[in-house]
Amino acid sequence: MKNVMLCAGMLLLTGSLAARAAESREQAYAIGADVDTTGHVTAIQVEQNVPASIAAVLTSAVKQWQFVPATRNGQPVSAHTFIYAKLQALPNASGQYDLHIRFAGNGPKFDRAGRQPPYPREAVHKRQAAFVILNATVQPDGRLADMTVSDRFAEWPVSASFKNAALKIARTWHFIPEQADGQPIATQVRIPINFTLRDQILTPEQVKILREAVRKETAAADAEAAQPGIQLPSEQLVALDSPLQPGAVATIISAP
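Residue numbers for the sequence shown, in mature numbering (1 follows the signal peptide of the UniProt record, and there is no 0): -21 to -1, 1 to 235.
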């Protein structure tokens, strides 16, 4: 994810935050969750490298959320999914920070650490950026199938070299699938992939497209006003047919 995100672990050392800058900070987390036949979250698995203070906040928030339960043969069944949550630290009037924990989706989980798509050589030379969408199916064994790549923005077509690079790296990815009634299941996913460089060259029209995309994402997330500079659209995975659909997942606010 290329948006500027500061590690929440550096923000939250105890139960409160010292106000050092009047700007919001954000970090995303993938949280394992067991959901029963009534749609309630019964168990949560936060990754071990998450500080205990942050894990406690995330656990408290996620346990308040509820889902439309998974079904099999028309009957509700227990399920396991991965909830994507965003923790935002927003400055308040008292000079400290409020913590906002927002539901960002749920679905299979995968790890792209160290496995970024290869950047096309001619694009590096021309300092080009590109934004594509990978549509695929996460199979029960965790591999991807039925992969297709398309332009993320209709008004910003990208070359075949970017799409081929996305397909090449996607063939190496492995997911932890969702489960229903104790069995791994196939899930269709939509994965935005951003190709960006530190010194990329953008046309005025491309800058306009990016700013409009971020404006829409910001409005949809009910986030703060746009930050200085040109932000980039997120790379949040979207599960198109997860067996669990969000029911009551309102943003949780925790004040220090």
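Just so you know, even glycine gets a beta-carbon here, dropped at the ideal spot from N, CA and C. Just so it is clear, the structure is predicted and the values come from calculations on it, not from any experiment.
- For the 9 Å CB-CB criterion, Leu66 and Glu157 do not form a contact.
- Non-local C-beta neighbours of Ala12 in its own chain, meaning closer than 8 Å and more than five positions away in sequence, comprise Val20, Ala22, Ile23, Gln24, Val41, His59, Thr60, Phe61, Ile62 and Asn85, ordered along the chain.
- The alpha helix (DSSP H) runs of length 4 or more contained entirely in the segment 10 to 86 are, from start to end of the chain, 31 to 41.
- By the Cβ neighbour-count rule, Ser138 is exposed, with fewer than 16 other Cβ atoms within 10 Å of its own.
- The beta carbon of Ala34 sits closer than 6 Å to those of Val25, all from its chain and outside the five residues before and after it, given in chain order.
- In terms of Cβ geometry, Ser57 and Val117 do not form a close pair [threshold 9 Å].
- Put simply, of Ser39, Pro55, Thr166 and Val111 the residue whose alpha carbon is nearest the alpha carbon of Phe89 is Thr166.
- In the structure shown, Thr230 adopts coil according to DSSP, grouped into three states.
- Short of 8 Å from the beta carbon of Ala115, and not among the five residues preceding or following it, lie these beta carbons of its own chain, in chain order: Leu123, Ala124, Asp125, Met126, Thr127, Ala149, Gln167, Val168 and Ile170.
- Inter-residue distance for Asn52 and Asp160 is about 11 Å (C-alpha atoms, whole angstroms).
- The three-state secondary structure of Arg194, taken from DSSP, is helix.
- Shown here, Pro163 sits in a strand according to DSSP, grouped into three states.
- In the displayed model, Arg100 falls within a helix according to three-state DSSP.
- Gln107 sits away from Leu189, with the two beta carbons spaced by 9 Å or more.
- Here DSSP, grouped into helix, strand and coil, assigns Val186 to helix.
- The three-state reading of DSSP puts Ile180 in coil, since its state is none of H, G, I, E or B.
- The continuous stretches of alpha helix (DSSP H) do not include Phe110, which lies in the beta strand (DSSP E) extending over residues Ala109 to Val117.
- Its chain contains Gln167, Val168 and Arg169 as the residues whose beta carbon lies nearer than 7 Å to that of Leu219, once the 5 sequence neighbours on both sides are disregarded; these appear in chain order.
- The distance from the Cβ of Gln27 to that of Gly226 is about 29 Å, inconsistent with a contact at the 8 Å cut-off.
- Of Ser233, His153, Arg194 and Leu113, the smallest CA-CA separation from Phe141 is found for Leu113.
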